[in-house]
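Enquirer:
There are 2 protein chains.
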Amino acid sequence: MEFLKDGSAGYLINHLARVFARGLTTRIKPLGLTTGTFPTLLELWETDGLTQKDLVTRLDIEQATMANTLSRMERDGMILRRRDPADGRSQRVFLTERARALREPAIAAAQAENEAALAGLTLEERDQLVALMRKALAGETPG
Amino acid sequence: MEFLKDGSAGYLINHLARVFARGLTTRIKPLGLTTGTFPTLLELWETDGLTQKDLVTRLDIEQATMANTLSRMERDGMILRRRDPADGRSQRVFLTERARALREPAIAAAQAENEAALAGLTLEERDQLVALMRKALAGETPG
DNA sequence: CCTGATTGCATAGCTGGCTATCTAAAATTA
DNA sequence: TAATTTTAGATAGCCAGCTATGCAATCAGG
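Residue numbers (the numbering used here), protein chains in the order written: chain G, 5 to 147; chain X, 5 to 147.
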């Protein structure tokens with residue numbers, strides 16, 4: 005076929021993303037974590053107390069998705085949401101002690117999954133792949 | 005941080021996959037299609053009458069996911085499911101005329117999205133990206 | 001031939017992504 | 001200052017992925 009499934013970038017990226025997600029899911033399940041919370045945790049481990057809006061813009065995710073993710077994280081004792089005293093609309097998001105303690109093992113799990121999923125590539129090829137994806141994300145035509 | 009979010013392959017792949025999915029979603033919406041059906045359609049456009057099991061193994065997707073996807077496709081008039089006379093457990097999946105007619109415009113939309121999402125890369129870089137992803141998928145450590 | 005294991009599929013229930021829409025709090029402007 | 005617009009967040013409803021489980025048809029051994 006003129007649109008070979010294994011030759012289409014979009015098809016391959018979707019497949020590879022599923023492979024990654026499946027692997028990471030099993031690796032962080034023992035920690036009580038799920039994949040959807042991971043990007044949020046990375047931001048908050050770096051900078052605690054961000055607003056929901058901050059997270060939305062930093063992670064390129066829809067506001068509604070972020071709100072739901074934060075609700076699950078709150079339910080699971082990973083974060084607290086406190087209204088910003090300076091702006092009654094905003095809520096600042098703070099990690100619990102439990103979530104702070106998960107930083108090291110969670111990152112180790114993610115690195116292990118990166119290794120496993122890219123086991124077929126040389127170190128140089130992995131760097132190339134990362135560089136190409138970063139460039140693609142930087143240069144995509146919006147809309 | 006030691007695990008730079010923009011340097012992690014898994015993080016980038018997830019992000020890029022979302023970018024692709026968003027773009028393709030809007031492009032194929034006018035055709036009455038959604039992204040989840042796309043891989044299935046590619047297989048059936050190539051080989052009509054596959055069983056659900058065939059699709060599951062070819063697409064590396066869970067059986068339950070495939071069953072749900074096929075239900076939506078049936079509801080939307082894209083496929084028919086017929087029991088295999090030779091094996092009462094199997095169901096063979098056949099495209100409707102409507103789905104067959106969507107082949108050309110759907111593939112054109114996917115190619116357009118590939119172009120847009122990889123607009124920041126040269127042609128050579130796109131080929132490299134595709135080759136690296138294929139190699140990664142071929143060589144990942146299972147489990 | 002009958003029983004038990006295997007196979008193909010459906011369903012329930014969850015996460016996580018999206019759009020659309022609503023509310024309340026600021027911010028702007030007439 | 002009062003009315004309007006903009007902004008932050010929540011919620012409803014959908015698609016798409018997953019695991020776990022149940023059921024019915026087939027297959028394999030005894």
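A virtual CB, placed ideally from N, CA and C, is assigned to each residue, including glycine.
1. Could you please give the first and the last residue of the uninterrupted alpha helix (DSSP H) stretch that includes G:I32?
2. Taking only beta carbons into account, state which residues of the segment 117–138 of chain G come closer than 7 Å to chain X, listed in chain order.
3. Take every Cβ of the segment 87–106 of chain G, pair it with every Cβ of the segment 44–58 of chain G, and state whether three or more of those distances are shorter than 8 Å.
4. Comparing the C-beta of X:V60 with each C-beta of chain G, is any distance below 8 Å?
5. Using the C-alpha atoms, what's the distance from G:L133 back to X:L133?
6. Keeping to the same chain, check which residues put their C-beta closer than 6 Å to that of G:L154; ignore five residues upstream and five downstream.
7. Mark X:M5 as exposed unless 16 or more other C-beta atoms lie within 10 angstroms of its C-beta, in which case mark it buried.
8. I want to check one thing, is the minimum distance from the CB of G:R93 to the heavy atoms of the ligand FAD below 7 Å?
9. Output needed in chain order: residues of the segment 60–93 of chain G with a Cβ under 7 Å from some Cβ in chain X.
10. From G:Q95 to G:R86, what distance separates their C-alpha atoms?
11. Starting from the C-beta of X:A116, find all residues in its chain whose C-beta is less than 8 Å away, skip the five residues before and the five after it, and write them out in chain order.
12. For G:A113, which residues in the same chain have their Cβ closer than 6 Å to its Cβ, ignoring the five residues on either side in sequence?
13. Express the C-alpha separation of G:R107 and X:I65 in angstroms, rounding to a whole number.
14. List the residues of chain X whose Cβ lies closer than 8 Å to the Cβ of G:I17, in chain order.
15. Evaluate G:L35 with the Cβ neighbour count: other Cβ atoms within 10 Å of its Cβ, from every protein chain shown; 16 or more gives buried, anything less gives exposed.
16. Using three-state DSSP, classify G:I111 as helix, strand or coil.
17. With a threshold of 8 Å between beta-carbons, can X:M5 be considered close to chain G, or not?
18. In chain G, what lies closer than 7 Å to X:E101 by C-beta?
19. Under three-state DSSP, which class holds G:D64?
20. Hey, G:A140 and X:L74: beta-carbon distance below 8 Å or not?
21. With DSSP run on the structure shown, which of helix, strand or coil describes X:T235?
22. Find the residues of chain G that neighbour X:P43, judging by a C-beta separation of less than 9 Å, and give them in chain order.
23. Where does X:D2 fall in DSSP's three states?
24. Could you name the residues of the same chain whose beta carbon sits closer than 7 Å to that of G:E128, not counting the 5 residues immediately before and after it, in chain order?
25. Please report the straight-line C-alpha distance between G:I17 and G:I111, rounded to a whole angstrom.
26. Output needed for X:R130: all residues of its chain with C-beta closer than 7 Å, excluding positions within five of it in sequence on either side, in chain order.
27. As a quick exercise: from X:T55, X:A13, X:M82, pick the residue whose alpha carbon is nearest that of G:F24.
Expert: According to the structure shown:
1. 13–32
2. E117, N118, A120, A121, L122, A123, G124, L125, E129, R130, Q132, L133, V134, L136, M137, R138
3. yes
4. no
5. 6 Å
6. Limits of chain G in this structure are 5 at one end and 147 at the other, which puts residue 154 of chain G out of reach.
7. In this prediction, X:M5 scores a pLDDT of 48, lower than 50, which makes its location untrustworthy; no coordinate-derived value is stated.
8. Annotation note on the ligand FAD: not contained in the displayed structure, which lists no ligands.
9. D64
10. 5 Å
11. R31
12. R31, I32
13. 31 Å
14. I17, L20, A21, F24, M137
15. exposed
16. helix
17. Low confidence applies here, because X:M5 scores a pLDDT of 48, under 50, leaving its location unreliable; read the following figure in that light. At least one chain G Cβ lies under 8 Å of X:M5.
18. The contacting residues do not exist; X:E101 stays about 19 Å from chain G at best.
19. coil
20. no
21. There is no way to answer for residue 235 of chain X, as the model of chain X reaches only from 5 to 147.
22. K9, Y15, N18, H19
23. Outside the modelled stretch of chain X, which goes from 5 to 147, sits residue 2 of chain X, for which no answer is possible.
24. none
25. 22 Å
26. L122
27. X:A13
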